[in-house]
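Right, one structure below, let's go through it.
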Amino acid sequence: MNLITRYHTHVKPYQSTKVLGLLYCMLVAILLGCDYDGTECFPNLRINFKSIYDVDSVQFYLNGEQVCLEDIEEVHDGIVEATKGLSIYAISCRTSEEESFDYLLSNDAIEKCIPSEEFPIWREFECEVSEKYKKDIDSSKLALYVYLNNDVEIVEPVISFYTGNHYNVIAERDTARWYSYTSSTRGRYFEFYGPPERWERLGCAGGYCTASLPMVEKVACYDR
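Everything in the sequence shown is counted per the working numbering, starting at 862 for the first residue and increasing by one.
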């Protein structure tokens, strides 16, 4: 009796199937994000829009479909989650004469800001969306609807947006100011994203410029 025959005489068929199933799941997990550990992972991207003007709100569209909607949530097993991605509005400003920019998540916190020519108040709108919420976002075209003083401006970068990257969209008139900041003035931001020289500048169109930086975690994982 050869080795292969002895193996089959001692391993029951259903045990072999379970082993193969586990190996298959582990392989898929490596490639696509299998749920053998209770999670499922999807490619994602993050888009930041920055302005020193008093922008009221920004809407994000990928391939004509709005993403990162506000106030639209679902409840799963008692956990509230956004249905179109994560949308964040924040303010960056200096709150002390001795400090660099601070990152404030509350709109009411603007009263803490000490603005100046060198340290203006930056409004920052962030959209992080994965293919869990919108399929095939890789190689998307972006359109931003920027609302300011009861007017709306449509910003459409000429580049394609790819998963696995951070993107900064900023008015061309503000780029010199933004890229002049150092780690001492933008400490918290640069600790997370890195200094401006790490970003790849992708060009300007319609008065706005775009830069990109690869994400450390190129996928977003969720409990199933």
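Positions of the beta carbon are idealized from the N, C-alpha and C atoms, including for glycine.
For residue i, three-class secondary structure by DSSP
i	result
T1036	helix
F1051	helix
R1059	helix
E972	helix
C954	strand
Y1006	strand
T1071	strand
V1013	strand
V941	With a pLDDT of 42 at V941, under the threshold of 50, the modelled position of this residue cannot be trusted, and the question is left open.
G1064	strand
P1018	coil
F980	coil
L966	coil
L888	In this predicted model, L888 has a pLDDT of only 38, less than 50, meaning its place in the structure is not dependable; the value taken from the coordinates is given anyway. The answer is helix: DSSP assigns L888 an H, G or I state.
Residues of its chain near residue i, where Cβ-Cβ distance is below 6 angstroms and the 5 sequence neighbours each way are ignored
i	result
D963	T956
L965	I952
Integer-rounded CB distance, given that residue j should sit under 8 angstroms from residue i
i	j	result
F910	V1030	5 angstroms
K995	L923	6 angstroms
Y950	F903	Their Cβ separation, rounded to whole angstroms, is 24 angstroms, which puts Y950 and F903 out of contact at 8 angstroms.
Y1083	E926	Y1083 to E926, Cβ: 20 angstroms. No contact.
Closest by C-alpha distance to residue i, when choosing among the options
i	options	result
E959	A970, I975, L966	I975
V836	I913, D999, E1052	The displayed coordinates of the chain run from 862 to 1085. Any statement about residue 836 would go beyond what the structure contains.
E979	C954, S1021, Y1006	C954
D1035	L1009, P1056, R984, K1002	R984
D1012	E972, G1055, E1052, V919	V919
Cα-Cα separation, residue i to residue j
i	j	result
I908	C1065	16 angstroms
W1039	N905	25 angstroms
P1075	Y1028	9 angstroms
P824	R1085	Only positions 862 to 1085 of the chain appear in this structure, which leaves residue 824 out of reach.
S1041	G899	44 angstroms
I1015	F1053	29 angstroms
I913	K993	32 angstroms
E1078	C929	19 angstroms
G1048	E1017	30 angstroms
A1072	L1005	15 angstroms
R1062	S948	24 angstroms
7 angstroms Cβ shell around residue i - same chain, five flanking residues per side excluded
i	result
D917	Y1008, L1009
V1033	Here residue 1033 turns out to be Glu, not Val, going by the sequence shown. Only C1065, G1068, Y1069, C1070 meet the Cβ criterion.
Contacting residues, own chain, Cβ-Cβ under 8 angstroms from residue i (five flanking each side not counted)
i	result
S1021	S1000, S1001, K1002
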